[in-house]
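A.B. asks: Residue numbers (full-length UniProt numbering): 1 to 156.
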Amino acid sequence: MTTPEGNRYPGAGTSFTKDPQGGYLWCERPEMDPTLRAKFKAMLANNDPVFARSLKDLGCYQGEMGPATIELVHDRPIWQPQRSHSPLELKIQEEKCMELRDAGIIVPSNSTKYTMNVTMPAKKDADGQWTDRRYCCDVRPLNAATKPNRYTPPTP
């Protein structure tokens, strides 16, 4: 990628390596101070339990506030007809939904009141190759109908 100033990002000589212990993807830049790099790697290693390695590691919110609700400015259905997708995209969609379902993040729904379309933009790997697809829901119609929430969560 090139910035508006003409600089190449992430910069010449930059490479990406996967950490064998933590599985992190490191951006190796020649201008980065080795001492700072070592401190950063140690900090990540010391806090390893906070990182998810799979969708199942993410889990779902189980806190004291209970299930989340989205307040809308109207009670009309927010529904979109399904966009056309290639057979490959439909296969990817099914696989991604099954991954999310198996991890307990989503549940099957028979609702006809709320539907969101999906997009599946290509995703590059660390070597810059297009190897995967992101699974994204187009929630713009839902966002447009959501009541503004002026509540600021407490910060530590």
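Backbone N, C-alpha and C fix where the C-beta goes; we use that ideal spot for every residue, glycine too. Predicted, not measured: the structure shown is a model, and the values here were computed from it.
On a CA-only basis, which of R140, G13, P154 and P153 is nearest I78? Give me that one, please.
C.D. replies: Taking the first residue of the sequence shown as position 1, residue 78 is located at position 78. Of the candidates R140, G13, P154 and P153, the one whose C-alpha sits nearest the C-alpha of I78 is R140.
A.B. asks: Do three or more CB pairs link the stretch 111-120 to the stretch 43-58 at distances below 8 Å?
C.D. replies: At 8 Å Cβ cutoff, the stretches do not touch.
A.B. asks: Quick one, which of E95, T35, F40 and V107 has its alpha-carbon nearest L25's?
C.D. replies: Position 25 of the sequence shown, counted from the first residue, corresponds to residue 25. When each option's Cα is compared against that of L25, the closest is F40.
A.B. asks: For the structure I just gave you, are there three or more beta carbon pairs, one from the stretch 64-83 and one from the stretch 141-148, closer than 8 Å?
C.D. replies: yes
A.B. asks: Once the 5 residues before and after C60 are set aside, which same chain residues still bring their CB inside 7 Å of it?
C.D. replies: Against the sequence shown, residue 60 aligns to sequence position 60. So the list reads G104 and I105, once near-sequence residues are dropped.
A.B. asks: Should K96 go down as buried or exposed, given a rule of 16 or more other Cβ atoms within 10 Å for buried?
C.D. replies: As a first step, residue 96 must be located in the sequence shown, where it is residue number 96. The residue in question, K96, is buried, as its Cβ has 16 or more Cβ neighbours within 10 Å.
A.B. asks: Roughly how many whole angstroms lie between the Cα atoms of M108 and G13?
C.D. replies: Locating residue 108 in the sequence shown gives position 108, where the first residue counts as 1. Locating residue 13 in the sequence shown gives position 13, where the first residue counts as 1. What sits at residue 108 in the sequence shown is Pro, not Met. Just so you know, the alpha carbons of P108 and G13 end up roughly 47 Å apart.
A.B. asks: In the structure shown, what three-state DSSP assignment does N149 receive?
C.D. replies: Position 149 of the sequence shown holds residue 149. Three-state result, N149: coil.
A.B. asks: Taking K123 as the reference, which of R29, T35 and I92 has the closest Cα?
C.D. replies: Translated into positions along the sequence shown, residue 123 becomes position 123. The shortest C-alpha separation from K123 is found at I92.
A.B. asks: Would you kindly check if the distance between the Cβ of D127 and the Cβ of F51 is under 9 Å?
C.D. replies: One-based indexing of the sequence shown puts residue 51 at position 51. One-based indexing of the sequence shown puts residue 127 at position 127. No. Outside cutoff.
A.B. asks: Hey, quick one: how far does the beta strand (DSSP E) through L72 stretch, first residue to last?
C.D. replies: As a position in the sequence shown, residue 72 is number 72, starting the count at 1. Segment: none, L72 is in no beta strand (DSSP E) and carries neither H nor E.
A.B. asks: So E89 is in the beta strand (DSSP E); what residue range does that whole segment cover?
C.D. replies: For the purposes of this step, residue 89 is taken as residue 89 along the sequence shown, with counting starting at 1. Taken as a continuous stretch (DSSP letters only), E89 belongs to no beta strand (DSSP E), being part of the alpha helix (DSSP H) at P87 to D102.
A.B. asks: Under 9 Å, do D48 and G22 count as touching if we go by C-beta distance?
C.D. replies: Start at 1 with the first residue of the sequence shown, and residue 48 comes out as number 48. Start at 1 with the first residue of the sequence shown, and residue 22 comes out as number 22. In contact: D48 and G22 (Cβ atoms closer than 9 Å).
A.B. asks: Roughly how many angstroms lie between the CA atoms of residue 173 and T152, to the nearest whole one?
C.D. replies: Here the chain covers residues 1 to 156 and nothing more, so residue 173 does not appear.
A.B. asks: Alpha carbon to alpha carbon, how far is P121 from E28? Give it in angstroms, no decimals.
C.D. replies: One-based indexing of the sequence shown puts residue 28 at position 28. One-based indexing of the sequence shown puts residue 121 at position 121. Each residue's alpha carbon lies about 26 Å from the other.
A.B. asks: If you run the structure through DSSP and keep just helix, strand and coil, what is R37?
C.D. replies: Taking the first residue of the sequence shown as 1, we reach residue 37 at position 37. Reduced to three states, the DSSP call for R37 is helix.
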